[in-house]
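Taking it in order: structure first as structure tokens, then the write-up.
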Amino acid sequence: MRQGDRLVLMDSKGARFLALIESVNFREVLVRIETSLPKPVPSPVKIVLCQALLKSRAMDYVIQKASELGVDSILPFTSKRSVIRIEKDRLDNRMRHWREIAQASAKQSDRDRPADIDPVVTFSEVMEKWKKTDALKIILWENESTRDLKTLLRAASPVIQFAGMVGPEGGFGREEVEAAGDAGFISVSMGNRVLRAETAAMTLVGIVQYEWGDLGLL
């Protein structure tokens, strides 16, 4: 961009401003704020993605694309079959990295703010957190044979808050699915096709936004 061009500036809270570039040199770009701009309208459904830790690139991908699709928060957790375990001395750097990805994704997709990245917890802590929370809660399980996601969503009324759990590369164990059921999570299938964990997460979020969210003009 050059002197005389206009651009949109956004702060960490989602406030937006139209600005004019007044000068450019090797040390700085000087802009003048001309007017404030309205924030984008958020999705009518609050989506929380509870995602089991995945390998580095896959986890980065989930955070980037989930933030693009309007997820409000992402809750990383460890489960019985998790391949990845993050050492405590590396956790702060990983959290910072994930939050930078979410922030960049929010800018690219014109969101009012990035998805929150919650601290990494255990599967049991996820259950404790959500047990008494009023929301439609589902857990994806490849061995579910009686309920599928499409039928469940189309039979239910639109909700204010939705929580979806996606397992690690090895999926969930039966005992984990049973524990999730005790916490109010409904186990559902996404059909006979076997999806990678990161693909399942994005498909889940996209379908919920399509059915109840803002993947449309109205």
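Per this note's numbering, residue 344 is the first one in the sequence shown, and the count goes up by one each step.
Quick reminder that beta carbons are idealized off the backbone N, C-alpha and C, glycines included.
The structure displayed is predicted, hence computed values, not measured ones.
Residue(s) in a DSSP beta bridge with residue i
i: Arg359; result: Met353, Leu380
i: Ala390; result: Reading the sequence as shown, one finds Ile at residue 390 and not Ala. Answer is Phe505.
i: Ile444; result: Answer is none; Ile444 lacks a bridge partner.
i: Leu373; result: Ser366
i: Val537; result: Bridge partners of Val537: none, in fact.
i: Ile427; result: According to DSSP, which records beta bridges pairwise, Ile427 is partnered with nothing at all.
i: Lys480; result: Ala506
i: Ala395; result: Phe420
Short Cβ contact (7 angstroms threshold) for residue i with residue j
i: Ile364; j: Val351; result: no
i: Asp403; j: Ile444; result: yes
i: Lys563; j: Gly413; result: A query on residue 563 cannot be resolved here, the shown segment of the chain reaching from 344 to 561 and no further.
i: Glu487; j: Ser530; result: yes
i: Ala543; j: Leu492; result: no
i: Gly357; j: Arg456; result: yes
i: Thr378; j: Leu361; result: yes
i: Ser386; j: Asp557; result: yes
i: Ala449; j: Val548; result: no
i: Val367; j: Gln394; result: no
i: Val405; j: Glu518; result: no
i: Leu380; j: Arg359; result: yes
i: Trp441; j: Pro501; result: no
Residue range of the unbroken beta strand (DSSP E) whose run includes residue i
i: Ser416; result: 416-421
i: Lys475; result: Run containing Lys475: none; DSSP gives neither H nor E here.
i: Val531; result: 529-531
First through last residue of the alpha helix (DSSP H) which encompasses residue i
i: Met545; result: 540-555
i: Ile406; result: 399-411
i: Arg345; result: Looking at the DSSP string, Arg345 is not in any alpha helix (DSSP H), and its letter there is neither H nor E.
i: Leu495; result: 492-498
i: Ala523; result: 517-525
Same chain, Cβ closer than 8 angstroms to residue i, neighbours up to 5 away in sequence not counted
i: Val537; result: Glu485
i: Val551; result: Val388, Ile390, Leu496, Phe505, Gly507
i: Val384; result: Asp557
i: Arg539; result: Ala401, Glu512
Cβ neighbours of residue i in the same chain (closer than 6 angstroms, five flanking residues each side left out)
i: Met533; result: Leu492
i: Gln504; result: Lys389, Ala478
i: Arg424; result: Pro511, Gly513
i: Lys474; result: Ala526
Cβ neighbours of residue i in the same chain (closer than 7 angstroms, five flanking residues each side left out)
i: Thr465; result: Phe420, Thr421
i: Met470; result: Ala522, Ala523, Ala526
i: Ala499; result: Leu479
Meets three-Cβ-pair contact criterion under 8 angstroms: the stretch 377-392 and the stretch 420-437: no
Stretch-stretch touch, CB-based, cutoff 8 angstroms, three pairs: the stretch 411-421 with the stretch 455-469: yes
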